[in-house]
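Chemist: Structure in structure tokens, see below.
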Amino acid sequence: MLKKAHSLILIAVLILSAALTACSGNTDTASSENGSKKTIKFMHLWPAGSSKQQNQIVTDIIEQYEAEHEDVKIEVEVLENEQYKNKIKVLSSSNELPDVGFTWAAGYMTPFVKGNLFAELDDVLNDGLKDSFVSGTTEAYALDGKTYGLPLELNIAPIYYNKEIFEKYNLDVPQTYSEFENAVKTLADNGVAPIALGNKDRWTGSLWYMYLADRFGGAEVLNKAIDRSASFEDPALISAAEEIQNLVKVNAFNKGYNGLSNDEGKAEFLNGNAAMYLMGTWELPNFTTNEEIPQDFRDSVGFFKFPTVEGGKGNIDSWVGGPGVGLFVAENSKVKDESKEFVKFFVEKWGEQSVEKAGVIPATKVDTDKVDLPDLYIDVLNELNKASSLTLFADVQMSASVAETHLNLIQSLFGNEVKPDDYAKQHEEALKAEEGN
Numbered sequence: 012m013l014k015k016a017h018s019l020i021l022i023a024v025l026i027l028s029a030a031l032t033a034c035s036g037n038t039d040t041a042s043s044e045n046g047s048k049k050t051i052k053f054m055h056l057w058p059a060g061s062s063k064q065q066n067q068i069v070t071d072i073i074e075q076y077e078a079e080h081e082d083v084k085i086e087v088e089v090l091e092n093e094q095y096k097n098k099i100k101v102l103s104s105s106n107e108l109p110d111v112g113f114t115w116a117a118g119y120m121t122p123f124v125k126g127n128l129f130a131e132l133d134d135v136l137n138d139g140l141k142d143s144f145v146s147g148t149t150e151a152y153a154l155d156g157k158t159y160g161l162p163l164e165l166n167i168a169p170i171y172y173n174k175e176i177f178e179k180y181n182l183d184v185p186q187t188y189s190e191f192e193n194a195v196k197t198l199a200d201n202g203v204a205p206i207a208l209g210n211k212d213r214w215t216g217s218l219w220y221m222y223l224a225d226r227f228g229g230a231e232v233l234n235k236a237i238d239r240s241a242s243f244e245d246p247a248l249i250s251a252a253e254e255i256q257n258l259v260k261v262n263a264f265n266k267g268y269n270g271l272s273n274d275e276g277k278a279e280f281l282n283g284n285a286a287m288y289l290m291g292t293w294e295l296p297n298f299t300t301n302e303e304i305p306q307d308f309r310d311s312v313g314f315f316k317f318p319t320v321e322g323g324k325g326n327i328d329s330w331v332g333g334p335g336v337g338l339f340v341a342e343n344s345k346v347k348d349e350s351k352e353f354v355k356f357f358v359e360k361w362g363e364q365s366v367e368k369a370g371v372i373p374a375t376k377v378d379t380d381k382v383d384l385p386d387l388y389i390d391v392l393n394e395l396n397k398a399s400s401l402t403l404f405a406d407v408q409m410s411a412s413v414a415e416t417h418l419n420l421i422q423s424l425f426g427n428e429v430k431p432d433d434y435a436k437q438h439e440e441a442l443k444a445e446e447g448n
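Using the working numbering, the first residue of the sequence shown is number 12, and each one after it goes up by one.
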């Protein structure tokens with residue numbers, strides 16, 4: 012019996028061994044089949060929990076791409092914002108970036124480009140994609156004349172206004188700065204705060220300064236001062252500072268603005284105490300679809316472009332704003348060509364779906380005849396399609412230390428604590444010092 016049992020065990024072991032060998036052979040075959048596919052590693056920062064709509068759009072785009080490219084597999088890793096930034100930093104230190112990932116423009120992107128970690132993407136742009144972007148968006152992802160990222164999102168800063176207040180005081184939407192000054196005076200004389208502002212955060216005041224710089228000196232005057240191809244002591248930049256203090260002098264802003272956060276300043280607009288509010292298009296949902304804000308108020312919100320200054324060089328179709336995240340391709344990717352093709356596909360599909368499905372304005376132009384959106388969105392998108400230029404937020408263009416100087420000086424300017432000439436001089440000194448490092 013014992014021998015028979017041993018024989019039976021031996022037979023069972025042989026059968027099991029054969030079965031395992033067969034399974035192993037199947038696995039090898041499957042691996043071989045998968046091995047024939049080229050894998051693109053893709054990292055993004057829109058988890059299904061906190062960014063449900065964006066995550067779903069990404070998933071749909073990937074599924075569509077894989078269906079049309081059966082020889083390619085997209086391997087996805089998703090992390091939330093801060094985790095993403097930390098992991099990208101770690102991966103970059105060992106030159107092991109994903110084939111495709113997300114980056115931000117200007118200062119964030121620069122170290123990666125200088126470290127030869129991001130591939131040039133001008134060939135992708137020139138392959139029929141360049142004209143799809145809103146003017147000025149891809150420039151934020153360029154360094155030394157070469158493009159290293161393709162933006163997905165875009166925010167610009169219109170002046171939102173309360174139509175009911177404007178109608179009450181017989182005010183038209185201002186096209187010129189003198190018309191704007193008249194509106195400010197009329198509102199202030201009637202005890203209404205003309206402009207809602209929370210400048211404790213400082214970048215909020217910078218938006219006003221940037222527009223005035225553009226309207227006095229043109230779209231390049233501030234950019235050139237920051238990139239050191241010109242001086243910050245340009246007369247137009249001083250005039251813009253002078254005009255900020257003129258607005259302060261005529262009580263253009265709500266009381267206590269320099270001590271209020273942006274949210275506190277915005278509340279003055281939302282509760283009808285202030286007539287105008289200059290802010291990015293990330294606020295559009297609050298004025299269109301946010302059910303927590305009364306429908307009557309949402310219906311009363313319109314927007315207008317920052318007025319032109321008589322005698323100034325600025326164009327009314329020039330905007331202050333900036334792209335959000337963009338896509339990069341790793342320079343050392345082993346599937347660089349396939350990754351570039353995927354990036355091109357992604358940008359095109361994202362532009363078609365993001366605004367309608369997620370309320371996110373893309374960096375590419377939108378055919379408003381083909382989307383179902385609130386009128387305010389449609390109007391903004393139509394303006395974007397004819398934008399002449401886009402000036403990137405000043406503090407984003409600057410290094411961290413110069414940006415801090417800029418923001419502190421903005422608050423001092425609004426607080427009448429620095430003279431316009433000295434405001435410009437201190438910027439110039441900070442930029443020069445950075446240039447020498």
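Ideal placement from N, C-alpha and C gives every residue a C-beta, glycine not left out.
#1: Does DSSP put Val382 in a helix, a strand or coil?
#2: Which partner residues does Lys49 have in the DSSP bridge list?
#3: Is the beta carbon of Leu392 sitting closer than 7 Å to the one on Thr402?
#4: Grab me the residues of Leu418's own chain with a C-beta within less than 8 Å of its C-beta, minus the 5 sequence neighbours each way, in chain order.
#5: Comparing alpha-carbon positions, which option in Asp432, Ile51 and Thr50 lies nearest Phe243?
#6: Just verifying my parser: in three-state terms, what is the DSSP assignment at Pro122?
#7: Taking the beta carbon of Ala444 as the centre, do at least 16 other beta carbons fall within 10 Å, making it buried, or is it exposed?
#8: Among residues of its own chain, excluding the 5 on either side of Val184, which ones have a beta-carbon nearer than 7 Å to its beta-carbon?
#9: Would a C-beta distance cut-off of 7 Å place Ala168 and Gln408 closer than the cut-off?
#10: Out of His438, Val382 and Ser329, state which residue places its alpha-carbon closest to the alpha-carbon of Asn225.
#11: Buried or exposed, going by whether 16 or more other CB atoms sit within 10 Å of the CB of Ala441?
#12: From the DSSP output, which residues share a beta bridge with Ser329?
#13: Out of Leu165, Ala151 and Asn166, which has the shortest C-alpha to C-alpha gap to Tyr159?
#14: For Arg309, tell me which candidate among Asn396, Tyr171, Gly229 and Ser240 has the shortest Cα-Cα distance.
#15: Could you check where the beta strand (DSSP E) with Asn173 kicks off and where it finishes?
#16: Can you tell me whether Pro205 is helix, strand or coil according to DSSP?
#17: Please state if the CB of Tyr268 and the CB of Leu208 are separated by a distance shorter than 7 Å.
#18: In the DSSP assignment, the alpha helix (DSSP H) including Ala224 goes from what residue to what residue?
Modeler: Inspection of the coordinates gives the following:
#1: coil
#2: Val83
#3: no
#4: Arg213, Trp214, Ser217 and Asp406
#5: Asp432
#6: In the structure shown, Pro122 sits in a helix (DSSP, three-state: H, G or I).
#7: exposed
#8: Around Val184: Phe315.
#9: Not in contact: Ala168 and Gln408 (Cβ atoms no closer than 7 Å).
#10: Looking at the sequence itself, residue 225 is Asp, so the reference to Asn does not match. With distances taken between Cα atoms, Asp225 lies closest to Ser329.
#11: buried
#12: Ser400, per the DSSP bridge assignment.
#13: Ala151
#14: Nearest option by C-alpha distance: Tyr171.
#15: Ile170 to Asn173
#16: strand
#17: yes
#18: Trp214 to Gly228
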